[in-house]
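Okay, so here's the structure we're looking at.
Structural data, given as structure tokens:
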């Protein structure tokens, strides 16, 4: 039995993203107002706050206005106002039609919003939290739960200094027990502890399956003559076929930088599809190429997105804690935005915790959170957009888009219909023999690039000698099942070249895991058709080090 140091807090928050930091700030603000003393700790697996944050991002300030009303005076990195919205339907690699605003769902309109780096916004939020007395521990992964008497009592941080077999090296340092009256899980999309909690407490028994997308993002330094600060471009259609849903974006940020990306829903059916290569191909369309040509790509990253919305929300409270933000799936895909909703969910969590801690016998299960959530604008916003994703999945791009335009623009999400998608994303793949093969052009090194050079730009690094954090339930399945049925799609759906199929000297196929390349997108945990891959946290501070994503 490993002896671990124990630290006691009132509240432990897992994840220094917008949800976790907003929760911490709101807790500290209320403690200050009530002249209470609250011990609040935030653990963050990235090397620093913001290192693992990747988001588009066009930012709606609604939650920030509530949390820190004078954010502009306090120097928040929220300065580039949206000046124009362009929406395109891409027909093929040459042609595109700009859609009139009349036929675009109003949720896509960005008047009053800002183009931001959420990594930098989170760094700023962390400064505000620390000024209020919150303790933030970057570089510490939340490895496992402390559950006693069917109640969460905190988390255990990951051990440091283990070899590939899990045995202690000379540098071994056991993880700590961080115990708390309440633990808030704000790990982001497909958080590995959130996934465990949902299963252990059966939190999703009344919910539709969660649905996901994979989002790619690059930052380019472009010719000043091509830059239009504040312009937001969204698109749908090519390079994705009619059976593959998603959309592209290009945001003109400050300092002659442009953010370009593609989101692909992970319910796609063709196992030969490579999301990374679809993104690289997309940039050759004139709409993007005319801006990017002659520029320099300076950053790359990818991240899974929880986009099931209202119907896929699990129960968010359980004995000893709360699940918030993208760990629960609060992103509003009708707006393609999840930062303001994540922040609000964290703030509601703080309200429920402070209320409970003022009671003589604080309840273990914060049922009041459900009431606060239902009375909030967050609930209203997600409810009004509840049919957006399912309509696209069930009715297709054109008919689903038409339904959403009518539902959102005319009825504000109040049409008396409920559309649900009860199919798991991983179960949607066709057999490789039944799907069309896709031939992708070689990258030109100017607009399109390969995976390894892209991963290099993400500044990804892991301690080389450590246990593999990508666990196979059955090591035979990738070759015996997935290769035979689906041409092992992990070779293609991973955006970082982690998974390969190679041959040994005897000509036998082998499944290779290059865990050092992993950028923590969690796509493998979501899309593997046999649900054979489980992503767990590597040693603390491992993974990407995004400077301003």
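Numbering (the UniProt record's numbering), first residue to last: 1 to 549. Cβ atoms here follow ideal geometry from the backbone N, Cα and C, with glycine treated the same way. If you're wondering where the values come from, they're calculated on a predicted model, not measured in any experiment.
Classification of residue i by the beta-carbon crowding that lies within 10 angstroms, buried from 16 upward
i, result
"residue 400", "buried"
"residue 452", "exposed"
"residue 527", "buried"
"residue 103", "exposed"
"residue 265", "buried"
"residue 79", "exposed"
"residue 217", "buried"
"residue 431", "exposed"
"residue 63", "buried"
"residue 495", "buried"
"residue 172", "exposed"
"residue 512", "exposed"
"residue 97", "exposed"
"residue 406", "exposed"
"residue 33", "exposed"
"residue 84", "exposed"
Nearest neighbour of residue i, chosen from the options [CA to CA]
i, options, result
"residue 257", "241, 246, 229 and 163", "229"
"residue 387", "403, 244 and 476", "403"
"residue 326", "433, 389 and 192", "192"
"residue 110", "487, 335, 5 and 34", "335"
"residue 540", "215, 477 and 466", "466"
"residue 547", "104, 484 and 121", "121"
"residue 154", "542, 322, 202 and 211", "322"
"residue 212", "426, 471 and 481", "426"
"residue 75", "15, 209, 97 and 127", "127"
"residue 55", "409, 17, 411 and 174", "17"
"residue 99", "234, 481 and 141", "234"
"residue 101", "408, 455, 91 and 328", "408"
"residue 231", "240, 260 and 284", "260"
"residue 445", "362, 296, 545 and 163", "296"
"residue 439", "239, 30, 342 and 108", "239"
"residue 485", "435, 224 and 2", "435"
"residue 7", "176, 77 and 150", "176"
"residue 470", "543, 458, 51 and 270", "543"
"residue 106", "91, 15 and 86", "86"
Cβ-Cβ separation, residue j to residue i (assumed contact under 8 Å), whole Å
i, j, result
"residue 160", "residue 53", "No, residue 160 and residue 53 are not in contact; Cβ-Cβ is about 23 Å, not under 8 Å."
"residue 274", "residue 123", "Not a contact, Cβ separation roughly 33 Å."
"residue 58", "residue 268", "Contact flag wrong, Cβ pair sits at about 25 Å."
"residue 584", "residue 518", "Outside the displayed span of the chain (1 to 549) sits residue 584, for which this structure offers no information."
"residue 346", "residue 186", "6 Å"
"residue 115", "residue 199", "Incorrect: roughly 38 Å between the Cβ atoms, too far for contact."
"residue 549", "residue 299", "6 Å"
"residue 60", "residue 340", "4 Å"
"residue 48", "residue 138", "5 Å"
Residue i versus residue j - alpha carbon distance
i, j, result
"residue 504", "residue 489", "20 Å"
"residue 391", "residue 5", "51 Å"
"residue 194", "residue 293", "42 Å"
"residue 537", "residue 37", "32 Å"
"residue 46", "residue 415", "43 Å"
"residue 247", "residue 181", "42 Å"
"residue 244", "residue 473", "29 Å"
"residue 278", "residue 89", "16 Å"
"residue 81", "residue 73", "16 Å"
"residue 350", "residue 423", "34 Å"
"residue 290", "residue 132", "46 Å"
"residue 516", "residue 464", "7 Å"
"residue 429", "residue 355", "46 Å"
"residue 67", "residue 220", "32 Å"
"residue 145", "residue 377", "31 Å"
"residue 263", "residue 302", "9 Å"
"residue 308", "residue 210", "5 Å"
"residue 69", "residue 457", "36 Å"
"residue 112", "residue 255", "20 Å"
"residue 418", "residue 530", "30 Å"
"residue 478", "residue 500", "10 Å"
"residue 169", "residue 158", "15 Å"
"residue 92", "residue 222", "25 Å"
"residue 369", "residue 215", "30 Å"
beta-carbon residue i near the ligand NAP non-hydrogen atom, thresh 7 Å
i, result
"residue 382", "For the ligand NAP, the structure offers nothing, since it holds no ligand at all."
Cβ pair residue i, residue j closer than 8 Å
i, j, result
"residue 352", "residue 331", "no"
"residue 524", "residue 533", "yes"
"residue 27", "residue 42", "no"
"residue 312", "residue 142", "no"
"residue 184", "residue 20", "yes"
"residue 283", "residue 448", "yes"
"residue 24", "residue 129", "yes"
"residue 373", "residue 348", "yes"
"residue 487", "residue 272", "yes"
Test: residue i CB closer than 8 Å to a CB of chain B
i, result
"residue 335", "Annotation note: the requested chain B is absent from the structure, which comprises a single protein chain."
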